[in-house]
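Going by the working numbering, the sequence shown opens with residue 38, and the numbers climb by one from there.
One structure is given below, encoded as structure tokens.
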Amino acid sequence: MLTDWWPHLPAFLVLLAFLWLPGLALLWAFGQRGGRTLLTAPAFSVAVVGLTGVVLDLVGVPYGVLSQVLAAVVLTGLAWLVGRLIPRGGHAAGSSAAVPDPADPEARFGAHRRWLFPAGAAAGLVIGAVLLLRRLASVIGAPDAMAQRWDNIFHLNAIRYVVETGNGSTLTLNRLVNPDSAVALYPAAWHQLASLVVPLSGDSVLVAHNLTLLAVAGVVWPASCIFLVRCLVGSSAVAAVAAGTAAAGFSVFPLGLMAWGPLFPNILALAIVPVSLGLFVRLLGPGVTADRTARTPDAAGRVRLAASLVVTLGALFVSQPNAFLALLVVAVPLAATAWWLGFRAAAGARRLGPSLGLAAVAVVAVTAWLLLWNVLTTSFVWEPSTTVARAAGEALLYGANGREDVPWVLVVLTAAGVYAAVARRRLRWLVVAHLVLVYLYAVAAAGEEGPARQWLVGGWYTDSYRLAATLPLTAVPLIAFGAAHVVAGLAAAGTALASFAGRPRAARAAYPVAALVLLGLAVPYSQVESLTQATRWGKQYYAWEGPESILNQAEYELLQDLDELTEPGDVIAVNPWNGGSLAYAVADRPVTQYHVESPDTELRALDPELHALATGIGDAAPGTPACAAAEELDVRWVLDFGTQFIIPHAQQARDYSGLNAVDPAGAPGLALVEREGPAALYEVVGCDAP
Numbered sequence: 038m039l040t041d042w043w044p045h046l047p048a049f050l051v052l053l054a055f056l057w058l059p060g061l062a063l064l065w066a067f068g069q070r071g072g073r074t075l076l077t078a079p080a081f082s083v084a085v086v087g088l089t090g091v092v093l094d095l096v097g098v099p100y101g102v103l104s105q106v107l108a109a110v111v112l113t114g115l116a117w118l119v120g121r122l123i124p125r126g127g128h129a130a131g132s133s134a135a136v137p138d139p140a141d142p143e144a145r146f147g148a149h150r151r152w153l154f155p156a157g158a159a160a161g162l163v164i165g166a167v168l169l170l171r172r173l174a175s176v177i178g179a180p181d182a183m184a185q186r187w188d189n190i191f192h193l194n195a196i197r198y199v200v201e202t203g204n205g206s207t208l209t210l211n212r213l214v215n216p217d218s219a220v221a222l223y224p225a226a227w228h229q230l231a232s233l234v235v236p237l238s239g240d241s242v243l244v245a246h247n248l249t250l251l252a253v254a255g256v257v258w259p260a261s262c263i264f265l266v267r268c269l270v271g272s273s274a275v276a277a278v279a280a281g282t283a284a285a286g287f288s289v290f291p292l293g294l295m296a297w298g299p300l301f302p303n304i305l306a307l308a309i310v311p312v313s314l315g316l317f318v319r320l321l322g323p324g325v326t327a328d329r330t331a332r333t334p335d336a337a338g339r340v341r342l343a344a345s346l347v348v349t350l351g352a353l354f355v356s357q358p359n360a361f362l363a364l365l366v367v368a369v370p371l372a373a374t375a376w377w378l379g380f381r382a383a384a385g386a387r388r389l390g391p392s393l394g395l396a397a398v399a400v401v402a403v404t405a406w407l408l409l410w411n412v413l414t415t416s417f418v419w420e421p422s423t424t425v426a427r428a429a430g431e432a433l434l435y436g437a438n439g440r441e442d443v444p445w446v447l448v449v450l451t452a453a454g455v456y457a458a459v460a461r462r463r464l465r466w467l468v469v470a471h472l473v474l475v476y477l478y479a480v481a482a483a484g485e486e487g488p489a490r491q492w493l494v495g496g497w498y499t500d501s502y503r504l505a506a507t508l509p510l511t512a513v514p515l516i517a518f519g520a521a522h523v524v525a526g527l528a529a530a531g532t533a534l535a536s537f538a539g540r541p542r543a544a545r546a547a548y549p550v551a552a553l554v555l556l557g558l559a560v561p562y563s564q565v566e567s568l569t570q571a572t573r574w575g576k577q578y579y580a581w582e583g584p585e586s587i588l589n590q591a592e593y594e595l596l597q598d599l600d601e602l603t604e605p606g607d608v609i610a611v612n613p614w615n616g617g618s619l620a621y622a623v624a625d626r627p628v629t630q631y632h633v634e635s636p637d638t639e640l641r642a643l644d645p646e647l648h649a650l651a652t653g654i655g656d657a658a659p660g661t662p663a664c665a666a667a668e669e670l671d672v673r674w675v676l677d678f679g680t681q682f683i684i685p686h687a688q689q690a691r692d693y694s695g696l697n698a699v700d701p702a703g704a705p706g707l708a709l710v711e712r713e714g715p716a717a718l719y720e721v722v723g724c725d726a727p
């Protein structure tokens with residue numbers, strides 16, 4: 038029930054404050070003003086959160102709410118100092134905004150209505166957020182539900198790890214599963230954000246995690262999209278509303294990543310990558326945007342934009358680096374367009390110095406791009422699952438990964454956006470970028486296995502779900518541009534018809550009427566069957582009962598009782614394949630393993646102590662290897678969650694013979710303490726000296 042979420046509204050609002058206020062303070066201190074900061078603030082807040090976690094870990098200060106607030110204050114002060122050192126940016130000499138086209142109905146209608154775009158941005162954000170929050174909450178179900186998928190074991194335990202250890206560093210978060218590693222890289226920003234609201238959610242990691250998902254996917258994502266559209270299309274209220282609506286219309290993102298993986302750090306990174314792209318567009322100048330108000334920044338302005346861009350890139354790396362790969366892909370046609378415009382202008386003016394400088398810039402940029410791409414490419418392989426033709430069609434029609442229903446309103450508006458971009462010329466690079474992302478999805482979904490496929494899409498683990506989730510990055514601005522173009526065309530036709538009929542009042546109303554009609558149709562028709570399919574698919578992985586569930590209801594209830602049945606610090610022996618590891622996330626009890634091993638890892642690769650414990654604790658007696666292991670690992674309890682495993686036929690899971698479906702009569706070394714349905718908690722008694 039959606040009403041179940043209302044008691045958690047205060048925690049949700051606090052989380053939104055953590056997502057907005059640090060970024061707003063940082064931008065204000067740096068000298069940035071205006072409504073755009075309201076749309077970009079979360080990206081800067083994520084950078085603040087991620088940097089805080091790294092720095093605090095290096096200096097030995099625990100990460101938490103207070104340390105995060107104090108660190109944000111310090112970083113704001115540093116931003117103020119840096120802002121004083123850089124001259125306030127302006128516009129390059131001779132740069133001026135384009136003269137509004139008198140034939141443009143939107144330009145005429147909005148000429149004396151400066152409030153129009155802010156109102157459109159607010160409406161777009163509200164519409165997108167309401168549509169997304171409603172659907173996301175429907176998929177999740179209860180506030181303390183969880184995605185019953187592989188990666189979620191790590192994510193939930195990692196949030197508890199940040200809370201309990203005070204370690205929120207991207208450089209060391211993976212010590213959760215590799216405690217002896219000096220450097221254990223894993224993007225930590227998602228887990229840091231969730232950890233900040235755990236104290237406000239009744240100490241429930243699951244509730245805090247779901248609130249983070251709602252805030253990031255439901256509010257941050259549409260806000261970032263509206264900012265990108267503002268940079269690319271200009272101050273079009275129609276485009277702003279269309280951007281917010283379109284952000285809620287895709288099955289591939291964020292819904293697609295909620296149940297596949299689930300890939301929550303990817304959701305955070307992709308939710309803020311439009312901000313990085315928008316800043317890059319502004320840095321390159323008006324030659325790559327359809328915004329008629331855009332002007333070329335002067336040197337100081339470029340320095341400030343470059344500094345802001347670098348901060349958001351840092352946010353991507355502490356969230357999930359493969360979102361940076363998506364930015365690299367889109368940046369190729371974007372930067373190439375800007376470079377060509379500059380080179381052509383320099384060559385036309387017969388200026389040798391600038392021409393050689395731009396040639397050198399191209400060489401350096403290509404080299405750096407290739408180095409970054411190769412560094413971020415992985416060797417992990419997901420096998421292709423369809424044909425090239427089908428994959429390309431799926432991506433073009435936004436039905437990726439087998440979605441059968443096509444969101445035609447988004448497809449039609451994309452086509453209109455492509456037409457307008459080609460006609461206006463300045464956004465042709467956006468069309469190319471969109472087609473490149475479509476191509477990469479097709480390579481992941483259907484490409485022939487080999488070095489070429491690995492190099493092209495290895496940074497996404499050759500995973501079509503990850504690639505599909507990048508499509509909205511270019512689709513949303515194309516849809517918004519298309520919506521503005523269609524409304525302008527309808528308004529022009531309506532104005533001509535009204536003028537011909539001698540109805541001047543009707544002519545003046547043509548634009549707002551056309552806008553209301555199009556958006557009135559686009560909002561409901563963007564929520565089509567493909568989203569319903571994705572919702573059903575997501576719900577089955579958030580249900581407690583399922584053939585591959587990590588936890589069932591009885592197991593979850595037993596975990597909630599551990600606070601009364603065991604003492605803090607007591608180590609519990611678990612089989613991670615049946616959900617026992619989540620005793621740490623749910624009940625704050627240390628366990629013998631915090632995540633599952635790779636399916637290709639054999640049990641003999643486990644530590645000898647853990648192997649002895651997992652196979653022999655049931656009939657353990659003093660002097661046996663199992664008792665030695667229990668003493669070494671300080672194990673006092675055993676969780677038995679039966680033989681329902683996250684991967685049903687994984688051999689490692691079945692080799693935990695001492696922890697799976699324990700028969701009390703055949704396990705003299707264990708004493709039953711509590712049972713919830715088939716789930717049981719045992720105390721280790723066989724190792725006690727007689």
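Glycine included, C-beta positions come from ideal geometry on N, C-alpha and C.
Query, Result
"Distance check for Leu467 and Glu639, CA to CA, integer angstroms please.", "For Glu639, the predicted structure reports a pLDDT of 45, less than 50, and the residue's modelled location is therefore unreliable. A value from the coordinates is still provided. Spanning the two alpha carbons is a distance of roughly 47 Å."
"Comparing alpha-carbon positions, which option in Ala368, Arg267 and Phe361 lies nearest Ile516?", "Arg267"
"Ends of the beta strand (DSSP E) at Ile609?", "Val608 to Ala610"
"In chain order, what are the residue ranges of uninterrupted alpha helix (DSSP H) at least 4 long that sit wholly in the stretch 241–265?", "242–252"
"Let me check one thing: in DSSP terms, what residues is Arg171 bridge-paired to?", "Bridge partners of Arg171: none, in fact."
"Would you mind sorting Ser175 into buried or exposed? The rule is 16 or more other CB atoms within 10 Å of its CB.", "exposed"
"Would DSSP call Ala426 helix, strand or coil?", "helix"
"Between Arg641 and Gly653, what straight-line distance do the alpha-carbon atoms span, to the nearest angstrom?", "The predicted position of Arg641 is uncertain, since its pLDDT is 42 and thus under 50; a value taken from the coordinates is nonetheless stated next. Cα to Cα, the separation comes out at about 14 Å."
"Take every Cβ of the stretch 438–453, pair it with every Cβ of the stretch 518–537, and state whether three or more of those distances are shorter than 8 Å.", "yes"
"For a minimum of 4 consecutive residues, which ranges assigned as the alpha helix (DSSP H) are wholly contained in the stretch 579–626?", "590–602 and 620–624"
"Taking only three categories from DSSP, how would you classify Glu713?", "strand"
"Kindly list the residues whose CB is nearer than 6 Å to the CB of Leu300, restricted to its own chain and excluding five residues on each side of it in sequence; keep chain order.", "Leu294"
"Short of 7 Å in beta carbon distance, which residues of its chain neighbour Glu594, apart from the five on each side in sequence? Order them along the chain.", "Glu713"
"What ranges does the beta strand (DSSP E) occupy inside the stretch 629–696, keeping only unbroken runs of at least 3 residues that lie completely in it?", "672–677"
"Could you tell me whether the stretch 92–108 touches the stretch 198–210, where touching means 3 or more Cβ pairs closer than 8 Å?", "yes"
"With respect to the alpha helix (DSSP H) encompassing Thr113, which residues constitute its N-terminal and C-terminal limits?", "Val102 to Leu122"
"Go through its chain and collect everything with a Cβ distance to Pro715's Cβ below 6 Å, but skip five positions before and after it.", "Gly679"
"Since Gln229 is in the alpha helix (DSSP H), which residue starts that stretch and which ends it?", "Ala226 to Val234"
"Compute the beta-carbon to beta-carbon distance between Arg463 and Ala327, rounded to the nearest angstrom, for a pair I have assumed lies under 8 Å.", "5 Å"
"Go through its chain and collect everything with a Cβ distance to Val446's Cβ below 6 Å, but skip five positions before and after it.", "Ala559, Tyr562 and Ser563"
"Answer yes or no: do Leu433 and Val475 have a C-beta to C-beta separation smaller than 8 Å?", "yes"
"Pull up the distance between the alpha-carbon of Trp377 and that of Val106, whole angstroms please.", "45 Å"
"Does the distance from the CB of Arg465 to the CB of Ala458 come in under 8 Å?", "yes"
"Bridge partners of Leu553, per DSSP?", "BP columns for Leu553 are empty, so no partner."
"How about Tyr100 and Gln229: are their beta carbons less than 8 Å apart?", "yes"
"Can you tell me which residues form a DSSP beta bridge with Val403?", "For Val403, which the question treats as bridged, DSSP gives no partner whatsoever."
"Would you please state the rounded distance, in angstroms, between the beta carbons of Tyr693 and Asn612? I believe it to be under 8 Å.", "4 Å"
"Near His471, what residues of its chain come up, given a Cβ to Cβ distance below 7 Å and the 5 sequence neighbours on each side ignored?", "Thr511, Ala512 and Leu515"
"So for Tyr719, helix, strand or coil by DSSP?", "strand"
"Label Ala649 either buried or exposed according to how many other C-beta atoms from any shown protein chain fall within 10 Å of its C-beta, with 16 as the threshold for buried.", "buried"
"Give the straight-line distance between the Cα atoms of Arg121 and Phe67, rounded to the nearest whole angstrom.", "8 Å"
"Just to confirm the assignment, what range does the alpha helix (DSSP H) spanning Trp65 have?", "Leu46 to Phe67"
"How many whole angstroms separate the CB atoms of Leu371 and Leu321, which I take to be in contact at a CB cut-off of 8 Å?", "7 Å"
"Please state whether the Cβ-Cβ distance between Ala657 and Asp677 is less than 8 Å.", "no"
"Ile190: buried (16+ other C-beta within 10 angstroms of its C-beta) or exposed?", "buried"
"Please identify the residue among Phe81, Ile263 and Ala285 whose C-alpha is closest to the C-alpha of Leu169.", "Ala285"
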